[in-house]
Amino acid sequence: MNRTTFFKVVAILGVVVAIYHVVGIFYPVNDSPPWRHGVFIVVSLFCSYGFIKRPKYFLYFFAVLSVQQFYSHGSDIISTWQEKHNIDWISVALLIAIPFILYNLIVDAKGK
484 MNRTTFFKVV AILGVVVAIY HVVGIFYPVN DSPPWRHGVF IVVSLFCSYG
534 FIKRPKYFLY FFAVLSVQQF YSHGSDIIST WQEKHNIDWI SVALLIAIPF
584 ILYNLIVDAK GK
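And the structure:
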């Protein structure tokens with residue numbers, strides 16, 4: 484898979500994440516309040532745009548978002564395990580995917 488196709492797939496996944504957060508506004512999908520889901524609808528759609536257009540500043544935005552996601556979802560993994568002895572698979576998937584996405588953004592930025 485070439486990088487353009489990779490970023491198109493990731494952009495589609497960003498739209499799927501936005502849909503998840505739309506659902507989260509109306510139905511309790513996790514402990515997040517509706518306003519937080521609203522914020523991440525905007526963030527997810529912006530990321531989808533960024534993955535397609537890849538403006539120079541997007542790498543920095545995504546790097547900061549990566550730190551926030553590792554803090555948030557990393558904490559979710561730990562608390563879910565401690566409280567329920569379950570694995571938060573959504574958080575695990577995100578924490579696996581984010582470094583691959585960030586790496587490809589870095590390589591793409593160096594090639595421009």
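The sequence shown runs 484 to 595 under our numbering. Positions of the beta carbon are idealized from the N, C-alpha and C atoms, including for glycine.
Is residue j closer than 8 Å to residue i when the C-beta atoms are compared?
i	j	result
Val506	Val499	no
Leu577	Leu542	no
Gly521	Ile508	yes
Gln551	Ile581	no
Ile560	Ser574	yes
Asp591	Arg537	yes
Ser527	Gly557	no
Considering only the alpha carbon of each residue, which of the options lies closest to residue i?
i	options	result
Ala546	Asn485, Phe583, Gly594	Phe583
Asp514	Asn569, Ile502, Thr563	Thr563
Val525	Tyr510, His504, Asn569	His504
Lys593	Lys539, Phe544, Tyr510	Lys539
Phe544	Gln565, Tyr554, Leu585, Thr487	Leu585
Ala501	Ile570, Asp571, Pro517	Pro517
Kindly indicate if chain D contains any beta-carbon less than 8 Å away from that of residue i.
i	result
Val493	The question asks about chain D, but that chain is absent: this structure has only one protein chain.
* Asked: In chain order, which alpha helix (DSSP H) runs of at least 4 residues are fully inside the stretch 492 to 561?
  -> 517 to 536
* Report yes or no: do three or more beta-carbon pairs, one from the stretch 485 to 504 and one from the stretch 521 to 537, lie closer than 8 Å? => yes
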